[in-house]
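One structure is given here, and the rest of the page talks about it.
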Amino acid sequence: MNCLNNMDRLQITNETMMKLLTLYEYKGKDFYFENILKGSLSQIIKQTVERDTFYFGKIMKLNITNNRFKLLIKKDSNPKNNDEKILKNIKNVFKIVAEESDKLELTSNEFLRLGIRIFKEVKQIAYVTENVVVKVNLIEEKKHESRRKKMEELLNKYIKLINSGKYELTEIVINFYIDFLNIAPFTEGNWEIGLLIIYLLLLKEQFKMFHYVSFFEMIYEEYEEFKSLVSKANFNWVDGYAKTTPLNNFIIDVLINGYRKVDKLASDTKFDKNIAKTFNIENTILKLGEVFTKDEIRAKHPYVSESTIDRTLKRMRDENKIRPNGVGRSATWVRISNYDRFEPTSSRQMSLYDLIMNNDEDEK
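Each residue of the sequence shown is one higher than the one before, counting from 18 in this note's numbering.
Structure, rendered in structure tokens:
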């Protein structure tokens, strides 16, 4: 607990203070975001779970082809090997988190269960047992001791600091994380479990934007810098002088970036409410090929209802802009006219996830 035991030595710099002012200004809008996005919440959470699963799998360097990533995440295909089993386990973990993040208990058993769920049927996860030297009546003796004890002490210290109200939340989370990594309580997967712990603790401390945007997508985008900052934070940990401030600033930046994405999502959603959603869908149709499917439209507008898509297709058909080609699941649509396009106020940049998930080629 070298970090959490030495919180008083940390000083908040002017740079960090300015970042925190921005962060908590955004956090004050949580109720507003929730109110604006509630109509699409289930669809947003579903996609966030899928994106977190994809990027966590990439961070773990799972040996899975892009098409298999798509089938496992989007189609819930059966896993064929251990890496694919881990990916399915990860998705199940994120589903549980999405549904029960408020119920997370800070106990040594809870974090052990987290590791067991990730590596289910692939690796055995348990607390490390080690030989320690203790004094009994001035005589030194060796005995076996589980690192569960250190984990419990760390969790108790964390809870005490959170309840004290004396320290900033992200600072406590990051110092807990560095202590966790150095204790390395589990026989396997400490790095992966540690990443999930940051995510879970931030959610538990009511940074709710991660229901709407992918935490691990933002970590993946700056992963090399993140690893470098963790390495620097670990330096001098034994002496109680771990330099955690740069890593904390990094996480604050991730939180601010997440809130900016949610703010944009809320603005786009509000825009859609004020100007017919069908215009955005129509613009998408014009950017697709001459022959297109409803699935292609859904991929571009994951938060728009099926009825809105159907209404747009019907209107454009009646206006002689498109025509159906076939019926049923295999039906396509054909664009029969080109005209001036309605351009929305903003466009979504394609990410690695989007490029892979929108690829039409499925591996059988």
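Note that the Cβ used here is the ideal one computed from N, Cα and C, for glycine as well. If you're wondering where the values come from, they're calculated on a predicted model, not measured in any experiment.
Can you tell me whether residue i is buried or exposed, with buried defined as 16 or more other CB within 10 angstroms of its CB?
i    : result
D25  : exposed
T286 : buried
I53  : buried
N265 : buried
P341 : exposed
D69  : buried
A348 : exposed
G74  : buried
V321 : buried
K36  : buried
E188 : buried
F233 : buried
T261 : buried
V230 : buried
E32  : exposed
F203 : buried
F197 : buried
Is residue j closer than 8 Å to residue i when the C-beta atoms are compared?
i    : j    : result
L40  : I214 : no
F128 : I103 : no
L172 : V190 : no
E205 : I142 : yes
K174 : M18  : yes
V66  : K120 : no
L21  : F252 : no
A259 : I195 : yes
I62  : H228 : yes
L217 : I176 : no
R334 : I326 : no
L387 : E313 : Summary: the structure shown does not reach residue 387, with the chain confined to residues 18 through 381, and so no result is reported for it.
K249 : P263 : yes
Report the residue from the options whose alpha carbon sits nearest the alpha carbon of residue i.
i    : options                : result
R352 : K331, V308, R315       : V308
V139 : G45, L282, I236, N99   : N99
I236 : F71, S324, N337        : F71
E242 : F267, D256, I302       : F267
E239 : Q64, E158, V271        : V271
Q60  : V344, R332, W350, E323 : E323
Y370 : Q64, L38, I179         : Q64
N375 : L38, K92, F48, I76     : K92
If I measure Cβ to Cβ from residue i and keep anything under 7 Å in the same chain, skipping five residues before and after, which residues do I get?
i    : result
I373 : N83, F86, K87
T329 : T295, I298, E299
E169 : S125
K311 : I326
R332 : T295
Compute every distance between the C-beta of residue i and the non-hydrogen atoms of the ligand SAM, then say whether any falls below 7 Å.
i    : result
T295 : In the structure shown, the ligand SAM is absent, as is every other ligand, since no ligand is present at all.
Might you give, ordered along the chain, the residues of its own chain that have their beta carbon closer than 8 Å to the beta carbon of residue i, omitting 5 neighbours on each side?
i    : result
A201 : V145, R164, N207
D280 : Y43, K46, F50
D357 : Residue placement at D357 is flagged as unreliable, the pLDDT there being 43, under the threshold of 50; a coordinate-derived value is accordingly withheld.
Y110 : A quick correction: the sequence has Val, not Tyr, at residue 110. Closer than 8 Å at the Cβ level, and outside the excluded window around V110, lie L131, R134, I135, L213.
K108 : V66, E67, T70, L89, I90
T30  : T262
L178 : L21, M24, Y184, I189
G343 : T349
V247 : I195, L198, L264
CB-CB under 6 Å to residue i, same chain, minus the five flanking residues each way: which ones, in chain order?
i    : result
P96  : K102, K105
K167 : I200
W254 : N19, N199
Review point. Within the chosen definition, does the segment 132-139 reach the segment 203-210 through at least 3 CB pairs nearer than 8 Å?
Key: yes
Check your understanding: Would you call the segment 273-284 and the segment 223-235 touching, i.e. three or more CB-CB distances under 8 Å?
Key -> yes
**Study point:** Segment contact flag, the segment 44-63 with the segment 71-83, C-beta cutoff 8 Å, min 3 pairs
**Key:** no
Review point. Are the segment 166-185 and the segment 22-37 touching by the rule of at least three beta carbon pairs closer than 8 Å?
Key: yes
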